[in-house]
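Numbered by the numbering used here, the letters in the sequence shown go through residues 2 to 466 in order. Reviewing the structure listed below.
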Amino acid sequence: MMKILYCTSEASPLFKLGGLGDVAGSLPKAIAQLGVDIRIALPYFSTVDPKKFQIPDKPAERFSFLFDGQREIIEIFETKLPDSSVPVYLFGNPTYLSIYVSSKEYGATVHIISRFVFFSEAVANWIKKHKGESDAKWMPNIVHLNDWHTSLLSTLVDTKTLLTIHNLSYQGVSKKNGQTTNLLKLGIENATMIATVSPTYAREILTKEHGEHLEDILIQRKKDLVGILNGIDTDYWSPKKDRFLNLQLATPNLQQEVKKWKKRNKYTLQKSIGLPPLPDVPLLAFIGRVEPKQKGIDILLHALEDILPKLPAQIIILGTGEAIWEDKLHKLVHQFAAKKKIVFIDRFDEPLAHQIYAGADFVLIPSKFEPCGLVQMIAMRYGSIPVVRATGGLKDTVDDGQTGIVFPDYSAKSLATALYRSVTTYYDSFLFNKLIVTCMRQDFSWGRSAKEYLKLYNNVLKRIY
Ligand code: ADP
């Protein structure tokens, strides 16, 4: 039987900072449904709620190992990923693994890096311990690593490893005593095989433009590199079941009811965030990290400055990120305060995100690069039209004119043109309704990707190294 240990820094709903949390909270469920014994290893941060997730007070296992010259205790608590039989092993340690990693710290500081070096060593020691024990303890035959956080494990275990790169731009780089360590690079060099989260991104990362200085070693590993598109948890992101909405989509007759459902959700959203509840003005939303390096907040800001005075549109931005960009957004809101056209909510708010997906007409994803992107898939599922830049997974999931609006260049001008197009599309009700229905009919469930991962696991097992 195939046994996979899925190592991750976040797994929704236990602990989530972004897309990786969504993936780690849903892909293992879909893989388990294919008959694979997959289990998750996750740090036990203090923000993981033991009551909510039925985590026992007492650890299932306890051991210690030497780290940085100190003997450190690891306690492993077991639970299940909610609504599934996928086991989750939570690794607890008061020094390194208790402090919450906030979204503002999404990038890596030395401080954060040491936590994940520690976590990787803890997992490696746990596997070694099980190997040495006489009673047949659970042993993985593949350790599945995710991003820089767990990349180091590829050098620490003698089990085969698969590394999924969710985002090449975060690499876990630290400098100590004049020596630079790049954790993601170690993973790329040492993992048995490498996956990334969309076919386009798998090609893009071999180029100088998107390779983040690792393109040369990625090219060397090209034959071991595959792109598998992420899915979304369609039970969780479900207009029919979403518990964060006042009104779920109740009827099987999509075409007839969707319009009414969107309208009601839009009204509720406008009221709750303080925008005038106008039914006939397009509502455009952005949900994501507020930073220009990836998510395009710079071109968004400039495009909004351009269109807001001219176009009938309402804008809602939900996100946290870099302080200077948050300030700039607050200033923009202030500038248009009298017109009540734009709202910026600078917090991480899961329920509100759901309400925005349901109530918005368009969701904007103007990324400079986007490995896969989940926001556009979630938006489509809720009948919000994605407006995306042609890059990475956005290119693989949004079909211009059929399931969204795609713009070519990373520039405020190109985005502004797409925003004009969005507004005109909105007022062409035949086209607009057709777009909504086509979006909602797309299948982004994990089934297909899980099958591709299963094939990949089989290839990993066949690899000789
Ligand atoms: P990332 O690069 O941040 O991982 P993705 O598109 O892959 O981008 O996933 C982002 C996920 O995080 C989506 O589920 C999105 O709804 C969620 N998200 C981002 N920012 C916020 C926020 N401020 N509040 C609630 N959810 C958010």
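We treat Cβ as the ideally placed atom computed from N, Cα and C, and that holds for glycine. Quick caveat, the model's predicted, so the values are computed rather than measured.
Would you kindly work out how many angstroms separate the C-alpha atoms of LEU462 and ALA25, rounded to a whole number? Going from the Cα of LEU462 to the Cα of ALA25 covers about 21 Å.
How is THR181 classed by DSSP in three states: helix, strand or coil? strand
Using only the alpha-carbon positions, how far apart do THR208 and SER65 sit? Each residue's Cα considered, the two are about 43 Å apart.
Just to confirm the assignment, what range does the beta strand (DSSP E) spanning GLU79 have? 71-81
For the putative contact between ASN266 and LEU248, defined by C-beta atoms under 8 Å, what is the C-beta separation to the nearest angstrom? At roughly 6 Å, the Cβ-Cβ gap stays under 8 Å, so ASN266 and LEU248 are in contact.
Check for me: the beta strand (DSSP E) holding LEU91 runs from which residue to which? Start and end: 88-93.
Tell me whether HIS145 sits in a helix, a strand or coil according to DSSP, three-state version. strand
State the Cα-Cα distance for the pair ALA304 and VAL49, rounded to the nearest angstrom. 39 Å
Under 8 Å from any heavy atom of the ligand ADP, does the C-beta of PHE349 make it? yes
If LYS161 sits next to ASN142, beta carbons under 8 Å apart, how far is it from one beta carbon to the other, in whole angstroms? 7 Å
Run the proximity test for GLN295: is its beta-carbon closer than 8 Å to any non-hydrogen atom belonging to the ligand ADP? Answer for GLN295: yes, Cβ within range of the ligand ADP.
Distance between LEU91 and PRO60 (C-alpha atoms, nearest Å): 9 Å
Check THR156 in the structure and name its three-state DSSP category. helix
Leaving aside the five residues before and after TYR421 along the sequence, list all residues of the same chain whose C-beta is less than 8 Å from its C-beta, in chain order. ILE308 and LEU312
Whole angstroms is fine: what's the gap from VAL259's alpha carbon to ILE317's? 21 Å
Distance check for GLU306 and TRP326, CA to CA, integer angstroms please. Each residue's alpha carbon lies about 14 Å from the other.
Do LEU226 and LEU219 have their C-beta atoms closer together than 9 Å? yes
Where the alpha helix (DSSP H) through PHE433 begins and ends: Taken as a continuous stretch (DSSP letters only), the alpha helix (DSSP H) holding PHE433 covers 430-442.
Touching or not, the segment 121-137 and the segment 150-159, by the rule of three or more beta carbon pairs under 8 Å? yes
C-beta atoms of ILE206 and LEU169 nearer than 9 Å: yes
Round the Cβ separation of LEU230 and CYS373 to the nearest angstrom and send it over; I've been treating them as touching at under 8 Å. 6 Å
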